[in-house]
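Asks: Start counting at 1 in the sequence shown, then tack on 7, and there's your number in this note's numbering.
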Amino acid sequence: MDSLETKDATAQFSELLIQEKKRETDLANHKSPQVKTNTIGLLPGDGIGPRLMTQAKRVLNQLLQSEITAGNFKMEEISGCTLNDRLKAGQAVPKDVLEKIKTYPVLLKGPMATPKAGETSKNLESANAKLRRSLDLYAAMRPMQLDNGREWTFFQRKHRRSILVRE
8 MDSLETKDAT AQFSELLIQE KKRETDLANH KSPQVKTNTI GLLPGDGIGP
58 RLMTQAKRVL NQLLQSEITA GNFKMEEISG CTLNDRLKAG QAVPKDVLEK
108 IKTYPVLLKG PMATPKAGET SKNLESANAK LRRSLDLYAA MRPMQLDNGR
158 EWTFFQRKHR RSILVRE
């Protein structure tokens with residue numbers, strides 16, 4: 008690597024550190040919007056995402072039937088974050104949609120495509136990465152209990168997967 012490439016890489020890394028520090032400051036100083044209690048925000052995503060979300064809603068409606076019927080629980084679909092919406096806005100997650108997402112205590116999200124730069128679109132950051140940073144999320148946890156009483160928790164931190172088993 009020559010000195011020009013080193014200077015360019017150093018400048019890019021420096022800019023990345025500045026942006027990350029600003030993000031941390033913004034998160035620390037951010038006033039959370041009024042959170043909707045007992046509501047799941049549904050973000051269908053792209054490709055197979057809407058079909059998966061239809062089935063996920065079907066399962067949730069079945070599991071939460073009594074709570075939904077009693078008016079104690081609801082689900083709301085969040086619009087404006089399809090691939091076309093994101094390309095049109097030129098943002099990984101449009102700002103207005105991100106603010107709406109922050110009002111839900113739980114978000115159920117379908118797969119979201121990350122466009123590659125080409126003739127018909129510009130290169131956008133991954134919506135998943137944007138949501139993780141904006142919501143300060145760094146672990147995906149999936150607890151489950153088997154019929155034999157054994158509890159499993161699958162969790163993923165960035166790019167590492169772990170399994171915790173309790174008996």
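We treat Cβ as the ideally placed atom computed from N, Cα and C, and that holds for glycine. This one's a predicted model, so the numbers in the text were calculated from it and none came from an experiment.
1) Tell me the DSSP secondary structure of residue 41 in three-state form.
2) Can you tell me where the alpha helix (DSSP H) with residue 61 in it begins and where it stops?
3) Would a C-beta distance cut-off of 8 Å place residue 83 and residue 48 closer than the cut-off?
4) Residues in its own chain within less than 7 Å of residue 80 by CB, not counting five upstream and five downstream?
5) Helix, strand or coil: which one does DSSP assign to residue 107?
6) What three-state label does DSSP hand residue 116 in the structure shown?
7) Where do the ends of the beta strand (DSSP E) carrying residue 50 lie?
8) Just the Cα atoms here: how many angstroms apart are residue 13 and residue 22?
9) Which residues does DSSP list as the beta-bridge partners of residue 152?
10) Going straight from the alpha carbon of residue 170 to that of residue 144, what length do you get?
11) In the DSSP assignment, what residue or residues form a beta bridge with residue 81?
12) Could you check what DSSP says for residue 3 in three-state terms: helix, strand or coil?
Replies: Walking through what the data contain:
1) coil
2) Run containing residue 61: 56-70, per the alpha helix (DSSP H) assignment.
3) yes
4) 45, 71, 74
5) helix
6) Note: residue 116 maps to strand in three-state DSSP.
7) 46-50
8) 14 Å
9) 158
10) Note that residue 170 scores 49 on pLDDT, short of 50, meaning its location in the model is unreliable; the coordinates nonetheless yield the value given after this. Taking the CA atoms as reference points, residue 170 sits about 19 Å from residue 144.
11) 46
12) A query on residue 3 cannot be resolved here, the shown segment of the chain reaching from 8 to 174 and no further.
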